[in-house]
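J.:
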Amino acid sequence: MTEDSTKVFPPTPKHTQLVPPAISEGLRGRTLRVRFRVNEAGRPDLAGTIITGRIEQRYLEAFTATLRKWEFAPAVLDGCAVPGSTEITFSFP
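Heads up: the sequence shown runs through residues -15 to 77, numbered per my numbering.
1) Among all the DSSP beta bridges, which residues are the ones paired with glycine 32?
2) Counting only the same chain and skipping the five closest in sequence on each side, list residues whose C-beta sits under 8 Å from that of proline 77.
3) Could you give the DSSP three-state label for histidine -1: helix, strand or coil?
4) With distances taken between CB atoms, is the gap from lysine -2 to aspartate 62 smaller than 8 Å?
5) Considering asparagine 44, what are the terminal residues of the beta strand (DSSP E) in which it resides?
6) So, with DSSP's three-state summary, where would you put phenylalanine -7?
7) Select from Phe(-7), Pro(-5) and Gln1 the residue whose C-alpha is nearest the C-alpha of alanine 49.
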């Protein structure tokens, strides 16, 4: 296999992603970056999730419950679905 023959595509959301509607005042005007794994079936694996930015515990629970429901097209390596990582940025007005 040559370097040119290997094609890797990261996981991608299947639709527009929404966060829980009850945004706390502590998040207004802030940005969160969330990095997590997506398994080969396109389901989020939140065990090693990294959240950059401050988030209140009460909202974190609702936020991660929402993340678990998202659907992704899995990462692809040479035409085969594989686990991969994705990073999504959320800006709260």
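Note that CB positions come from ideal geometry on N, CA and C, so glycine has one too.
T.: The answer reads as follows:
1) Answer by DSSP bridge pairing: none, since glycine 32 is not bridged.
2) Close CB contacts of proline 77 within its chain, under the 8 Å cut and outside five residues either way in sequence, are with Arg12 and Gly13 (chain order).
3) coil
4) no
5) It should be noted that the sequence gives leucine, not asparagine, for residue 44. Where leucine 44 is concerned, there is no enclosing beta strand (DSSP E), although the alpha helix (DSSP H) it sits in stretches over 41 to 53.
6) In the structure shown, phenylalanine -7 falls within a strand segment according to DSSP collapsed to helix, strand and coil.
7) Of Phe(-7), Pro(-5) and Gln1, the residue nearest in Cα terms is Gln1.
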